[in-house]
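Asks: One structure is given below, represented as structure tokens, and several questions about it will come after.
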Amino acid sequence: MSFLSPAEWQAVALSLRVSLWATALALPLAIGVALALARGHFPGKQLLNGLVHLPLILPPVVTGYLLLLTFGRRAPLGGWLYDTFGLVLAFRWTGAALAAGIMGFPLMVRAIRLAIEAVDPKLEQAAATLGASRAWVFATITLPLILPGIIAGAVLGFAKAMGEFGATITFVSNIPGQTQTLPSAIYALLQVPGAETSALKLVALSVTLAMGALLLSELLARRAAKRVSGA
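Take a look at the structure:
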């Protein structure tokens, strides 16, 4: 007998797909925002910091509703995306990836920002005095030093995306085979009398995936730190 039913495996596969896309799309922007917050001096910096961390403070349902108002088919931005690129986000797995990426974004930015702030600015200044451009200094000095923080941020974002429920179900609903992720599948099973065993199996799988992601991040971060230190 299979550990999970085909529908449950489908929910797991969709969760992995959503989480990977959410992490991959959010990570470059998180690095840029973290660099701006850690090294930048510009008007509105505190406002940007507040906006970045807003998804952590707002109820997830509010975030999902705001996404629906912004990216729904009848919303200005959502309608423009559909008319221009044929891209539909509301009630699609693509919208689940967007919601998961937004909810995990603050965690990614914070981890990367702390890593950047731990880098001695004198190292970057020394490279700049030798004629290196800002982009080259970042690529050859800053980026290798903050690689453990980037890995930690990516894993935190991935784990948050895997467990995201409130914003996702509000924005894309809970459609089996289309938008039903692992948390949504657990929620749906808990509404069915006698389905507690199936729900527990998904819960156990969720814990296993989360622990596996954390252990992998620790291993990768340690290897990156050894490579940077030359050990």
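Residue 1 is where the sequence shown starts when you use the UniProt record's numbering, and the numbers rise one by one after that.
Glycine residues also receive a C-beta, built at the ideal position from the N, C-alpha and C atoms.
Since the structure is predicted, the reported quantities are computational estimates derived from the model, not experimental observations.
1) Assuming the contact rule is C-beta atoms closer than 8 Å, Phe71 and Leu89 should be a hit. Round their C-beta distance to whole Å, please.
2) Closer than 7 Å by C-beta to Ser217: which residues in its own chain qualify, once you throw out the five before and the five after it? Chain order, please.
3) Going straight from the alpha carbon of Ala231 to that of Leu220, what length do you get?
4) Identify every run of the beta strand (DSSP E) within the region 23 to 98, keeping only runs that are complete inside it and at least 3 residues long; order them along the chain.
5) What alpha helix (DSSP H) runs, 4 residues minimum, are completely inside the region 93 to 139?
6) Buried or exposed: Lys45, going by 16 or more other Cβ atoms within 10 Å of its Cβ?
7) Where does the unbroken alpha helix (DSSP H) through Leu190 begin, and where does it stop?
8) Counting Cβ pairs closer than 8 Å, one from the region 103 to 115 and one from the region 187 to 197, do we hit at least three?
9) Can you say whether Ala34 is buried or exposed, counting buried as having 16 or more other CB atoms within 10 angstroms of its CB?
10) Using a Cβ-Cβ cutoff of less than 8 Å, which residues in the same chain neighbour Leu37 once the five nearest sequence positions on both sides are dropped?
11) Could you have a look at Phe158 and say whether DSSP puts it in helix, strand or coil?
12) Going by CA-CA distance only, name the one from Glu117, Phe165, Phe158 that's closest to Leu143.
Replies: On the basis of the data shown:
1) 4 Å
2) Ile151, Ala152, Val155
3) Confidence at Ala231 is low in this model, with a pLDDT of 46, below 50, so the placement of that residue is unreliable and no value is reported for it.
4) none
5) 93 to 117, 121 to 129, 134 to 137
6) exposed
7) 182 to 190
8) no
9) buried
10) Lys45, Leu48, Asn49, Val52, Val109, Arg113
11) helix
12) Glu117
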